[in-house]
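So the number in the working numbering is just where the residue sits in the sequence shown, counting from 1, plus 141.
Heads up, the beta-carbon is just placed ideally off N, CA and C, and yes, glycines get one too.
Because the structure is a prediction, the values reported are computed rather than measured.
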Amino acid sequence: MTMMNIKIVKRVLPVAVVVVVAAVLFALNRYHGIYDRYSWKNHIQEQAEIKLNGEVTRIQKIIMSIEQIPRNLSYVLEFSRTEKEHINFLLEAIVQNNAEVFGTCIAFEPYAFDKDTMYYAPYLFKKNGTYVYSDPTDSSDHYFNSDWYLIPKVLKKPVWIEPYYDVGESSGKIVLTTYSVPFYSFNGTGEVFKGIIAVDISLDWLSKLVSSIKLIDSSYTLLVSESGTILSSPNPEWPYNESVFSLAVELDLPRLREVGRDLQKGNSGFVNIGKLDKKRDWWVYYMPIPENKWGLLLLVPETQNF
Numbered sequence: 142m143t144m145m146n147i148k149i150v151k152r153v154l155p156v157a158v159v160v161v162v163a164a165v166l167f168a169l170n171r172y173h174g175i176y177d178r179y180s181w182k183n184h185i186q187e188q189a190e191i192k193l194n195g196e197v198t199r200i201q202k203i204i205m206s207i208e209q210i211p212r213n214l215s216y217v218l219e220f221s222r223t224e225k226e227h228i229n230f231l232l233e234a235i236v237q238n239n240a241e242v243f244g245t246c247i248a249f250e251p252y253a254f255d256k257d258t259m260y261y262a263p264y265l266f267k268k269n270g271t272y273v274y275s276d277p278t279d280s281s282d283h284y285f286n287s288d289w290y291l292i293p294k295v296l297k298k299p300v301w302i303e304p305y306y307d308v309g310e311s312s313g314k315i316v317l318t319t320y321s322v323p324f325y326s327f328n329g330t331g332e333v334f335k336g337i338i339a340v341d342i343s344l345d346w347l348s349k350l351v352s353s354i355k356l357i358d359s360s361y362t363l364l365v366s367e368s369g370t371i372l373s374s375p376n377p378e379w380p381y382n383e384s385v386f387s388l389a390v391e392l393d394l395p396r397l398r399e400v401g402r403d404l405q406k407g408n409s410g411f412v413n414i415g416k417l418d419k420k421r422d423w424w425v426y427y428m429p430i431p432e433n434k435w436g437l438l439l440l441v442p443e444t445q446n447f
């Protein structure tokens, strides 16, 4: 090796060593960042799953207890008389003794209650601390064509109706959902459809419960219906105006659309949906509520720089 080559090596070697050391340190730092993010993700996923499992179980128990009310009543109606006084007694027993129930209706098929009465649908509801009856023979409602009546009649099974804002005389303005159960009579050869028992439930209690579900202060939970409509959210503009699908388009979050579709299939999961607030990545753990096919989405922002 010539003297010139030796001089070049002496000059280049320290630079090369610095470059190699810097590359190693960068790789180690990158590795630790990836490992830290992986550990954070696993921790959040584990805690979110535990949290939502507990909350879904809690909500399921309440929903199932509500479902049992009209189901029990359907058995009573199938094997008892249908006189006005008896019907009113049953309505009062349900509304007055179940805090979750806003109102209850027993709606009969045309002329099924009385051969001279086409419309008969007595409805008892809560209003300003009292109990109020609607006119059971009011034909203006045309309830035979309403979803809460027609869908369970056609399907021949109990049905949860998509939540809605009720702005009528009965409630002022309140968010309700309806659980409808068909009931029948027996003519000696088989069962004959006789009408629908509809129980209206206010969702205030559920919205309060959902708003309390958090992992960290900056996390929050959405409640969505079977169609993906947002029912409860800390953003007051979202409930009943947005769905997970419309938000996915508006916020350019295609993975949120995938979450909605997967939830509709009855699946759970944990995914990064992207920059929900345009600043940082957000993760969502989602889980269905099997009894009525609604769902919970627990959203958590990445709170560390990896």
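Helix or strand or just coil, what does DSSP make of residue i?
i: P211; result: helix
i: S321; result: strand
i: L392; result: coil
i: E332; result: strand
i: L110; result: Shown here, the chain extends from 142 to 447; a query on residue 110 therefore has no answer.
i: D307; result: strand
i: F243; result: strand
i: W435; result: strand
i: S373; result: strand
i: W289; result: helix
i: Y216; result: helix
i: Y172; result: For Y172, the predicted model reports a pLDDT of 41, less than 50, meaning its position is unreliable; a value from the coordinates is still stated below. In the structure shown, Y172 sits in a helix (DSSP, three-state: H, G or I).
i: I191; result: helix
Roughly how many angstroms lie between the CA atoms of residue i and residue j, to the nearest whole one?
i: L404; j: F285; result: 32 Å
i: T271; j: E391; result: 43 Å
i: L347; j: F254; result: 35 Å
i: K335; j: T444; result: 57 Å
i: I204; j: V385; result: 23 Å
i: L417; j: I371; result: 16 Å
i: E226; j: L232; result: 10 Å
i: S206; j: I185; result: 32 Å
i: D474; j: T223; result: The chain is shown from 142 up to 447; residue 474 falls before or after that span and cannot be answered.
i: A262; j: Y361; result: 41 Å
i: D257; j: N194; result: 52 Å
i: C246; j: N213; result: 14 Å
i: G331; j: L265; result: 31 Å
i: A234; j: Y274; result: 13 Å
Return the bridge partner residues of residue i from the DSSP annotation.
i: Y260; result: The partner list for Y260 (beta bridge, DSSP) is empty, contrary to what the question assumes.
i: V412; result: V425
i: P442; result: W423
i: V197; result: BP columns for V197 are empty, so no partner.
i: D282; result: Its beta-bridge partners do not exist; DSSP assigns none.
i: L265; result: T245, Y274
i: F327; result: E332
i: D255; result: T258
i: A339; result: C246, S321
i: W301; result: Y320
Assuming residue i contacts residue j (C-beta within less than 8 Å), just tell me the rounded distance between them.
i: D279; j: Y260; result: 7 Å
i: F411; j: W424; result: 7 Å
i: L437; j: V351; result: 7 Å
i: S343; j: F243; result: 5 Å
i: V340; j: P211; result: 5 Å
i: E208; j: P299; result: 7 Å
i: F324; j: L218; result: 5 Å
i: R421; j: P395; result: 18 Å between Cβ atoms; not a contact.
May I ask whether a heavy atom of the ligand COA can be found less than 6 Å away from the beta carbon of residue i?
i: I337; result: What this structure holds is no ligand at all, so the ligand COA is not there to describe.
* To do: Determine, using beta-carbon pairs with one atom in the segment 298–306 and one in the segment 319–332, whether at least three such pairs fall under 8 Å.
  => yes
* Asked: Is it true that the segment 181–191 meets the segment 424–442, where meeting means three or more beta-carbon pairs spaced less than 8 Å apart?
  -> yes
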